[in-house]
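Participant: Below you'll find the structure I mean.
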Amino acid sequence: MTNLSRARLIAILLPNALLWGAIGSQVFGGLVPCEMCMWQRWPHVAAIVLALIAIALRGNPSASRAFTLLAALAILVSGGLGVYHAGVEYHWWTGPTRCTGNHFTSIADLMKAPVVMCDVPQWKLGGISLAGFNAIFSIVGGLIVAALASRKPAR
């Protein structure tokens, strides 16, 4: 298996695993995603589409490599959003006021509030929230995909 083949495989499997894991935690675990959780899903959807295009173009290594690198970038974007969201959850910085718990100025604001606040993690393991896990897996995985796809084949 070539490095590019490995990169394509990771680029299709990793965002699928993270996306379906998030959906599974929602459907089977009863967790309700906040707005920032949803933001992290879209780059994974884009990465899956880009990886599928890369696989379809495997007969054209240059084009396949380009789409694999774009998939890696999409995975890294989700990881960056995960870092931002985790920072909001750990109160390292403030998030968007429409989905954090400290912005209510009136009863009307409270009535328009989302059910799930972005600054309150619903689940943690070892002190790491789901946003934190998405950040870790997406950044490490995206960098691996990019590194593998960037290597030129041995001659």
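The opening position of the sequence shown corresponds to residue 0 in numbering that gives the first Met the number 0, with each subsequent residue numbered one higher.
Idealized CB from N, CA, C, for every residue including glycine.
The structure presented is a predicted model; accordingly, all values stated were derived computationally and were not measured.
#1: Grab me the residues of Arg5's own chain with a C-beta within less than 6 Å of its C-beta, minus the 5 sequence neighbours each way, in chain order.
#2: What's the C-alpha gap between Gly178 and Ser63?
#3: Which two residues bound the contiguous alpha helix (DSSP H) that contains Tyr83?
#4: My guess is that Leu18 and Ser137 are in contact by the Cβ rule of under 8 Å, so how many angstroms apart are they, rounded?
#5: Helix, strand or coil for Leu129? Go by DSSP, reduced to three states.
#6: What would DSSP say about Leu8, mapped onto helix, strand or coil?
#7: Check Leu51 in the structure and name its three-state DSSP category.
#8: Give me the Cβ distance between Asn133 and Gly81, rounded to the nearest whole Å; I'm assuming they're in contact under 8 Å.
#9: For Leu66, which residues of its own chain have a beta-carbon under 8 Å away from its beta-carbon, when the five flanking residues on both sides are left out?
#10: Drop a sphere of 10 angstroms on the beta-carbon of Ser61, count the other beta-carbons inside from all chains shown, and report buried for 16 or more, exposed for fewer.
#11: Does the Cβ-Cβ distance between Gln39 and Ser77 come in under 7 Å?
#12: Where does Leu244 fall in DSSP's three states?
#13: Among Val139, Arg150, Tyr89, Gly141, whose alpha-carbon lies nearest the alpha-carbon of Ile127?
#14: So which of Ala45, Gly29, Ala21 has the shortest CA-CA distance to Met35?
#15: Is the separation between the beta-carbon of Ala130 and that of Ala70 shorter than 7 Å?
#16: Could you check which residue in Cys33, Leu75, Cys98 has the C-alpha nearest to that of Pro42?
Facilitator: On the basis of the coordinates in this document:
#1: Reading the sequence shown from its first residue, position 6 is the one you call residue 5. So the list reads Leu147, once near-sequence residues are dropped.
#2: Lying outside 0 to 154, the shown extent of the chain, residue 178 is not represented and no answer is given.
#3: By 1-based counting over the sequence shown, the position of residue 83 is 84. Per DSSP, Tyr83 is one residue of the alpha helix (DSSP H) stretching across 60-88.
#4: As a first step, residue 18 is located in the sequence shown; it is residue number 19 there, counting from the start. As a first step, residue 137 is located in the sequence shown; it is residue number 138 there, counting from the start. The pair is not a contact, with the Cβ atoms about 11 Å apart (cut-off 8 Å).
#5: By one-based count along the sequence shown, residue 129 stands at place 130. Leu129 sits in a helix when the DSSP states are folded into three classes.
#6: Locating residue 8 in the sequence shown gives position 9, counting from the first residue. The DSSP-derived three-state label of Leu8 is helix.
#7: Taking the sequence shown and counting its residues from 1, one reaches residue 51 at position 52. Helix at Leu51.
#8: Within the sequence shown, the letter at position 134 stands for residue 133. Within the sequence shown, the letter at position 82 stands for residue 81. Rounded, the Cβ-Cβ distance is 4 Å, consistent with contact.
#9: The residue labelled residue 66 in the question sits at position 67 within the sequence shown. A quick correction: the sequence has Phe, not Leu, at residue 66. Taking Phe66 as the centre and dropping the five residues before and after it, the same chain places the C-beta of Leu49, Ala50, Ile52, Ala53, Leu56 closer than 8 Å to its C-beta, in chain order.
#10: Position 62 of the sequence shown holds residue 61. Exposed, since its Cβ has fewer than 16 Cβ neighbours within 10 Å.
#11: Here residue 39 is taken as the residue at index 40 of the sequence shown, counted from 1. Here residue 77 is taken as the residue at index 78 of the sequence shown, counted from 1. Yes; because the gap between Cβ atoms is below 7 Å, this pair is in contact.
#12: Shown here, the chain extends from 0 to 154; a query on residue 244 therefore has no answer.
#13: Along the sequence shown, read from residue 1 onward, the residue named residue 127 stands at position 128. Checking every option, the nearest Cα to that of Ile127 belongs to Tyr89.
#14: Start at 1 with the first residue of the sequence shown, and residue 35 comes out as number 36. That would be Ala21, whose Cα lies nearest to the Cα of Met35.
#15: Position 131 of the sequence shown, counted from the start, is the residue given in the question as residue 130. Position 71 of the sequence shown, counted from the start, is the residue given in the question as residue 70. No, they are not a contact pair.
#16: For the purposes of this step, residue 42 is taken as the residue at position 43 of the sequence shown. With respect to the C-alpha of Pro42, the residue from Cys33, Leu75, Cys98 having the closest C-alpha is Leu75.
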